[in-house]
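Note sheet for the following structure.
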Amino acid sequence: MTGMPLRHHECWVVDVKSLDVLVEGRRPWLAAVVDVRSRTMLGHYTGGSRTAAVWGAISAALTKWGAPERIVADDVRNLPEGALADLGVKVERPLAYRPSVMALAERALREVAP
């Protein structure tokens, strides 16, 4: 990540985890979007797949707050990069083995689904 954001909605972090329940024989996924500057959860979504959960959470945040300058996610395979690029959003991965802002999204997921 390139420095601490100076404004709200400049940088969002996205993370996803599987829930410890079965729904129709499958484990659902929960994704959260957190604004780095304010540490506010902007969107969350539960879906049948990682990709559906991530896209649902990002869609909820985009609908309410508009597009950020960048999104940080440790697993970018689940991000709709083409759609985000069309909105002018830069997608970044955190540096490996370095403390990062990903803890914000991980904490939000633990609070919603311990």
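In full-length UniProt numbering, the protein residues as written are 1 to 114.
Here a beta-carbon is modelled for each residue, glycine too, at the ideal position from N, C-alpha and C.
Boundaries (first-last residue) of the alpha helix (DSSP H) holding residue i
{"i": "Glu81", "result": "Glu81 to Asp86"}
{"i": "residue 146", "result": "Here the chain comprises residues numbered 1 to 114, so residue 146 is not present and cannot be evaluated."}
Cβ-Cβ distance between residue i and residue j below 8 Å
{"i": "Leu19", "j": "Arg27", "result": "yes"}
{"i": "Gly43", "j": "Trp29", "result": "no"}
{"i": "Asn78", "j": "Thr51", "result": "yes"}
{"i": "Gly82", "j": "Ala67", "result": "no"}
{"i": "Pro80", "j": "Trp55", "result": "yes"}
Bridge partners - residue i, DSSP secondary structure assignment
{"i": "Gly43", "result": "Val33"}
{"i": "Asp15", "result": "Ala32"}
C-alpha gap between residue i and residue j, whole angstroms
{"i": "Ala61", "j": "Ala73", "result": "15 Å"}
{"i": "Leu104", "j": "Arg70", "result": "15 Å"}
{"i": "His9", "j": "Leu84", "result": "14 Å"}
{"i": "Val21", "j": "Leu109", "result": "15 Å"}
{"i": "Asp86", "j": "Glu24", "result": "35 Å"}
{"i": "Val13", "j": "Lys64", "result": "16 Å"}
{"i": "Ala32", "j": "Tyr45", "result": "7 Å"}
{"i": "Ala53", "j": "Arg7", "result": "26 Å"}
{"i": "Ser38", "j": "Val16", "result": "20 Å"}
Extent of the continuous beta strand (DSSP E) to which residue i belongs
{"i": "Arg26", "result": "Segment: none, Arg26 is in no beta strand (DSSP E) and carries neither H nor E."}
{"i": "Ser38", "result": "Unbroken run through Ser38: none, as it is neither H nor E."}
{"i": "Ala73", "result": "Arg70 to Ala73"}
{"i": "Glu92", "result": "Lys90 to Glu92"}
Proximity test, residue i beta-carbon vs the ligand GDP heavy atom, cut-off 7 Å
{"i": "Gly56", "result": "The model on display carries no ligand, and the ligand GDP is accordingly not part of it."}
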